[in-house]
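Single-structure report; data block below.
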Amino acid sequence: MERISIGFDTKTEEFLSKASVLSYYIATYNAVNNELGFENEPVTVDEIFDFINDLKHEGGVTHMPDITRSDISLTFRLLLKAGVGEKIIPDLPLLSN
Numbered sequence: 008m009e010r011i012s013i014g015f016d017t018k019t020e021e022f023l024s025k026a027s028v029l030s031y032y033i034a035t036y037n038a039v040n041n042e043l044g045f046e047n048e049p050v051t052v053d054e055i056f057d058f059i060n061d062l063k064h065e066g067g068v069t070h071m072p073d074i075t076r077s078d079i080s081l082t083f084r085l086l087l088k089a090g091v092g093e094k095i096i097p098d099l100p101l102l103s104n
């Protein structure tokens with residue numbers, strides 16, 4: 008498949024490509040969680056990172072770009088700015104126990 012340039016520099020295009028893949032897999036992860044009864048549970052960068060790596064190494068997904076935790080964090084921020092996601096603020100007293 009031929010890669011089509013959209014007019015950005017190479018690094019920006021690379022990130023946008025990763026962000027589009029990540030937004031799909033974040034939505035997939037959320038859909039699976041909802042089916043398992045974990046509706047509206049917060050999703051962390053580490054959970055998505057592990058999910059992506061499981062898909063690459065155990066799920067047989069062969070055309071997955073190299074994705075870092077930073078890529079995932081930036082994608083979460085992009086989705087929040089676009090109004091697609093929601094920020095979950097942790098319950099700090101609960102976490103301190």
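Residue numbering for the sequence shown is 8 to 104, as defined by the numbering used here. Built from N, CA and C at the ideal position, the CB exists for glycine as well. All values reported here derive from a predicted model rather than from experimental measurement.
* Proximity of residue 32 and residue 59 at Cβ, strictly below 8 Å -> As a working note, residue 32 is residue 25 in the sequence shown. As a working note, residue 59 is residue 52 in the sequence shown. Closer than 8 Å, so yes.
* Leaving out five residues before and five after residue 16 in sequence, what residues of the same chain have Cβ atoms less than 6 Å from its Cβ? -> Working through the sequence shown from its first residue, we reach residue 16 at position 9. Answer for residue 16: no residue qualifies.
* To do: Take residue 84 and list the residues in its own chain whose beta-carbon comes closer than 7 Å to its own, dropping the five residues that flank it on each side.
  => Residue 84 sits at position 77 when you count from the first residue of the sequence shown. Closer than 7 Å at Cβ, skipping near neighbours: no residue.
* Please look up how many angstroms separate the CB atoms of residue 79 and residue 29, rounded, as I've assumed it's under 8 Å. => Working through the sequence shown from its first residue, we reach residue 79 at position 72. Working through the sequence shown from its first residue, we reach residue 29 at position 22. Indeed they touch by this definition, with Cβ atoms about 6 Å apart.
* Asked: Taking residue 71 as the reference, which of 18, 27, 19 has the closest Cα?
  -> The count along the sequence shown starts at 1 and reaches residue 71 at position 64. Considering only alpha carbons, the answer is 27.
* **residue 55 - containing alpha helix (DSSP H), residue span** => On the sequence shown, residue 55 is found 48 positions in, with the first residue counted as 1. That run of the alpha helix (DSSP H) goes 52-64.
* To do: Could you say which of 68, 64, 52 lies nearest to residue 77 if we only look at CA atoms?
  => One-based indexing of the sequence shown puts residue 77 at position 70. That would be 52, whose Cα lies nearest to the Cα of residue 77.
* Asked: Helix, strand or coil: how does DSSP classify residue 21 here?
  -> As a first step, residue 21 must be located in the sequence shown, where it is residue number 14. DSSP, read as helix, strand or coil, puts residue 21 in helix.
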